[in-house]
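Written below as structure tokens is the structure these notes are about.
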Amino acid sequence: MDTEAPHTQRGHSSPREGRGWPRSAFSRTADGTPSEQSDADRPSGRQLTWRRAGALGVICTVFLLLFSNFVLQPFLIPSHSMEPTLRVGDRVLVNKLAYRFGDQPRRGDLVVFDGTGSFVRERAGGGPVGDLVQGAASALGLAEPSDTDFVKRVVGVGGDDVVCCDAGGRVSVNGVPLDEPYLYPGDAPSKVPFRIVVPLGTLWVMGDHRSQSRDSRDHLGEPGGGMVPVEKVIGRADWIGWPISRWGAAGGGHG
């Protein structure tokens, strides 16, 4: 009698496929002979993964730059001139579509504008690489804006007669005193008396912290008289995006 127990059937896996052995992949060569390829011999996907991650990062950065350039741009507040409405370190979101389709800045709007030619003189730019890096960083809200960019409140638009001050010490526009609840506590509407008629196509702008703001009043005697051309307006500062504790509308003003 044959007392030897029959061998149990094993699966298709190789004895080497146990613990401590790499799994194998079987393929056939050109002559049909099975060949074995271990995991160690396979092409690693890590390099491709890093390439994909890098490409994804580039795509996201380009998208954010395009979005910031044409739609909504973060703007880092660098000074005290707009307190208490905007504080140093706030990042406001500038709506670049606000005036893109025929609308014009209105009294009380918070606008970001390029002050070249009105608040600052025309000057030669820096190195192209440095300008590019600075522009990209400021466009993403990671660095202070260009020293030619400003944020102020529109007080007068084209055709307005703006006067300071009336008998009550208030700024008036077209004979109507302004109610300015956004002014920094204790600040006078203006310690500098003035009367101007805003030329068409320009804006008269002032800061909310009047004693700390260099604005249209400081350029009365210069070419342009402190007026900001409407075409120099970058957009309207509609929201505070950072810090989280200050999320919300940036603050409207008089109509």
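Position in the sequence shown counted from 1, then plus 4, gives you this note's numbering.
All residues carry an ideal CB built from backbone N, CA and C; glycine is no exception.
- Item | Cβ-Cβ distance between residue 94 and residue 158 below 8 Å | no
- Item | Start-to-end residues for the beta strand (DSSP E) that takes in residue 245 | 237-246
- Starting from the C-beta of residue 219, find all residues in its chain whose C-beta is less than 6 Å away, skip the five residues before and the five after it, and write them out in chain order. 156, 209, 210, 211
- Message: I'd like to check one pair, residue 196 with residue 221: are the Cβ atoms closer than 8 Å?
- Response: The answer is yes: Cβ separation under 8 Å.
- Query: Considering only C-alpha positions, which residue in the set 56, 187, 172 is nearest to residue 85?
  - Reply: 187
- Task: Classify residue 119 as buried or exposed, calling it buried when 16 or more other Cβ atoms lie within 10 Å of its own Cβ.
- Result: buried
- The beta strand (DSSP E) spanning residue 95 covers which residue range? Its beta strand (DSSP E) spans residues 95-99.
- Cβ shell of residue 162 (< 7 Å), same chain only, five flanking positions each side left out: 202, 203, 204, 205, 206
- Identified DSSP bridge partners for residue 249: Answer is none; residue 249 lacks a bridge partner.
- Query: What separation, rounded to the nearest whole angstrom, lies between the Cα atoms of residue 124 and residue 54?
  - Reply: Taking the straight line from one Cα to the other gives about 45 Å.
- Task: Out of 226, 59, 96, state which residue places its alpha-carbon closest to the alpha-carbon of residue 76.
- Result: Nearest C-alpha to residue 76: 96.
- Do you know offhand how far residue 189's Cα is from residue 168's? 19 Å
- Message: Rounded to whole angstroms, what is the Cα-Cα separation between residue 242 and residue 164?
- Response: 24 Å
- Item | Pick from 198, 160, 249, 185 that is closest to residue 224, judged by C-alpha positions | 198
- Extent of the continuous beta strand (DSSP E) to which residue 166 belongs: 165-168 is the extent of the beta strand (DSSP E) around residue 166.
- Message: To the nearest angstrom, how far is the alpha carbon of residue 234 from that of residue 109?
- Response: 8 Å
- Item | Same chain, Cβ closer than 6 Å to residue 228, five either side skipped, listed in chain order | 122
- Are there 16 or more other CB atoms within 10 angstroms of the CB of residue 60, so buried, or fewer, so exposed? Result: exposed.
- Message: Comparing C-alpha positions only, which one of 171, 216, 178, 160 sits nearest to residue 231?
- Response: 160
- Item | CB contact flag (residue 115, residue 237, <8 Å) | yes
- Task: Buried or exposed for residue 249, please, with buried defined as at least 16 other CB atoms from any protein chain shown within 10 angstroms of its CB.
- Result: exposed
- When burial is assigned at 16 or more other CB atoms within 10 Å of the CB, is residue 63 buried or exposed? Under this definition residue 63 is an exposed residue.
- Message: Whole angstroms are fine: how far does the CA of residue 191 sit from the CA of residue 184?
- Response: 11 Å
- Proximity of residue 252 and residue 102 at Cβ, strictly below 8 Å: no
- Could you say which of 153, 58, 213, 126 lies nearest to residue 78 if we only look at CA atoms? 153
- Express the C-alpha separation of residue 170 and residue 111 in angstroms, rounding to a whole number. 19 Å
- Per DSSP, what kind of secondary structure is residue 111 in: helix, strand or coil? coil
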